[in-house]
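Asks: Provided herewith is a single structure, encoded as structure tokens, for subsequent inquiry.
In this note's numbering, the protein residues as written are 12 to 366.
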């Protein structure tokens, strides 16, 4: 017992600062105090955290979600009952859907329900739809030709629509759907609206003829002296025969501007695939002479029994080529009339030649 007391007394003398200690001894003891004190505090804090996380249900540790896919990140946060605050951003470094920043950082101790903010990559900005507002149609197509030199544009572009606008310069794109920033892989069709400028007077504008029969549209357009033609799209539904499905100049365009600019309004028209009880086998491209004023063109099919049937009719200033569908099995004659007078006769002998 006496030996134990002497050992304990010596131990205290070595760790307790007293007046007989030299400056060096005091410094050593202070260093030991700091060292063992730090270890003690670390153990205490660790024990408190352990107890808190073990026995407290409303405190959790923030997981590491950086470089995770967004779905993995959301699952991790959901498992710990944390709320996700997602901020999508374009990134040239991280692939689409990858988390690249988070706050609070990994390992932070927070309450259940705490909001964890993180940024998710939208991928490269080059893969997103451009903002085309302010572009002219020519500038729009120039951009696409540079962006897609192989002409493989990943979405369909509808014929632009036109509307009057007091703020946007005439000929400039007003708006687009979908909006800029949309990932191109999610874009199926791009719609554009172009400014007619400020409305002055009561100008006539082009309507949409889609869904109408070409005969009815031709009669209406004839009164505007518009130069137009149409191409055929062969279909197997007879009830869709001669129905317009597309037009090259959009609804709302000022008709006087179309005429002044010498534009040709081209319709895409359904054509039933049977002609004179035979399947259409080919198309003959007929060049029409150019004239200063509109003239009437009629293209008729004359069967072997001498009966003529009109298959193409329009008013035009010419200078265009029109496709004439036919079947080589009929061995029929195509007759072309201009303003009622015979212009040309064509005997279809095979799928590549007309005599």
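Note that beta-carbon positions come from the ideal geometry of N, C-alpha and C, so glycine has one too.
These numbers were taken from a predicted model, which means no experiment stands behind them.
Taking residue 304 as the reference, which of 194, 327, 298 has the closest Cα?
Replies: Closest option to residue 304, Cα to Cα, is 327.
Asks: Hey, how far is the Cα of residue 364 from the Cα of residue 186?
Replies: Model confidence at residue 364 stands at a pLDDT of 46, short of 50, so the residue's coordinates are unreliable and nothing is read from them.
Asks: Tell me whether residue 348 sits in a helix, a strand or coil according to DSSP, three-state version.
Replies: Three-state result, residue 348: strand.
Asks: Which residue's Cα is closest to the Cα of residue 195: 175, 166, 184, 89?
Replies: Checking every option, the nearest Cα to that of residue 195 belongs to 166.
Asks: Going by DSSP in three states, residue 339 sits in which element: helix, strand or coil?
Replies: DSSP places residue 339 in coil when its eight states are reduced to three.
Asks: Report yes if the C-beta distance between residue 300 and residue 263 is below 8 Å; otherwise report no.
Replies: Against a cut-off of 8 Å, the Cβ pair of residue 263 and residue 300 comes out as no contact.
Asks: Taking the DSSP output, what are the residues bridged to residue 194?
Replies: Answer by DSSP bridge pairing, in chain order: 139.
Asks: Using the Cα positions of residue 182 and residue 293, report the straight-line distance between them to the nearest angstrom.
Replies: Using only the alpha carbons, I get a separation of about 39 Å.
Asks: Just reading off the beta strand (DSSP E) that residue 311 is part of, what are its end residues?
Replies: Here the beta strand (DSSP E) through residue 311 covers 306 to 313.
Asks: Bridge partners of residue 156, per DSSP?
Replies: Note: residue 156 sits in no beta bridge, so no partner.
Asks: Drop a sphere of 10 angstroms on the beta-carbon of residue 197, count the other beta-carbons inside from all chains shown, and report buried for 16 or more, exposed for fewer.
Replies: Exposed, by the Cβ-count rule.
Asks: Give a yes or no on contact between the segment 270 to 281 and the segment 304 to 320, applying the rule of three or more CB pairs nearer than 8 Å.
Replies: As far as the Cβ criterion goes, the segment 270 to 281 does not touch the segment 304 to 320, which means the pair count is below three.
Asks: What residues in its chain sit with their C-beta under 8 Å from that of residue 246, if we drop five residues either side in the sequence?
Replies: Contacts found: 252, 281, 282, 283, 284.
Asks: On the CB-based measure, 16 or more other CB atoms within 10 Å of its CB, does residue 227 come out buried or exposed?
Replies: The residue is exposed, with fewer than 16 neighbouring Cβ atoms inside 10 Å.
Asks: With distances taken between CB atoms, is the gap from residue 236 to residue 265 smaller than 8 Å?
Replies: No, Cβ-Cβ distance for residue 236 and residue 265 is not below 8 Å.
Asks: Within 10 angstroms of its Cβ, does residue 171 collect 16 or more other Cβ (buried), or is it exposed?
Replies: The residue in question, residue 171, is buried, as its Cβ has 16 or more Cβ neighbours within 10 Å.
Asks: Entirely within the segment 161 to 249 and at least 3 residues each: give me those beta strand (DSSP E) ranges in chain order.
Replies: With a minimum length of 3 residues, the continuous beta strand (DSSP E) runs that stay inside the segment 161 to 249 are 172 to 174, 184 to 188, 200 to 206, 239 to 246.
Asks: Once you ignore the five residues that flank residue 249 on each side, which residues in its own chain have a CB closer than 7 Å to its CB?
Replies: So the qualifying residues of the chain are 283.
Asks: Since residue 325 is in the beta strand (DSSP E), which residue starts that stretch and which ends it?
Replies: Element bounds for residue 325: 319 to 327.
Asks: For residue 97, I'd like the list of residues in its chain whose CB is within less than 6 Å of its CB, leaving aside the five on either flank, ordered along the chain.
Replies: Excluding sequence neighbours, residue 97 sits near 131.
Asks: Ignore the nearest five residues each way along the sequence and tell me which others in residue 319's own chain have a CB closer than 6 Å to its CB.
Replies: Here the set comprises 311, 313.
Asks: Take every Cβ of the segment 141 to 158, pair it with every Cβ of the segment 112 to 120, and state whether three or more of those distances are shorter than 8 Å.
Replies: Too few Cβ pairs lie closer than 8 Å, so no.
Asks: Pull up the DSSP beta-bridge partners for residue 128, would you.
Replies: For residue 128, which the question treats as bridged, DSSP gives the partners 96, 114.
Asks: Would you identify the three-state DSSP class for residue 331, choosing helix, strand or coil?
Replies: Coil, per DSSP.
Asks: Among 94, 286, 242, 174, which has the Cα closest to the Cα of residue 332?
Replies: Of the candidates 94, 286, 242, 174, the one whose C-alpha sits nearest the C-alpha of residue 332 is 242.
Asks: Using a Cβ-Cβ cut-off of 8 Å (strictly less than) and excluding sequence neighbours within five positions of residue 324, which residues of its own chain qualify?
Replies: Correct list, in chain order: 226, 229, 307, 308, 309, 310.
Asks: So, at 8 Å on beta carbons, what are the nonlocal neighbours of residue 193 in its own chain, with the 5 sequence-adjacent residues on each side left out?
Replies: Hits under 8 Å: 139, 140.
Asks: Going along the chain, which unbroken runs of the beta strand (DSSP E) with 3 or more residues stay wholly within the segment 248 to 277?
Replies: Runs found: 255 to 258.
Asks: Residue 283 by DSSP, collapsed to three states: which one?
Replies: If DSSP states are grouped into helix, strand and coil, residue 283 belongs with the strands.
Asks: Run the CB neighbour count on residue 347, radius 10 Å, all protein chains shown included, and call it buried at 16 or more, exposed below.
Replies: Per the 10 Å Cβ criterion, buried.
Asks: To the nearest angstrom, how far is it from the Cα of residue 205 to the Cα of residue 149?
Replies: Their backbone Cα atoms lie some 12 Å apart in a straight line.
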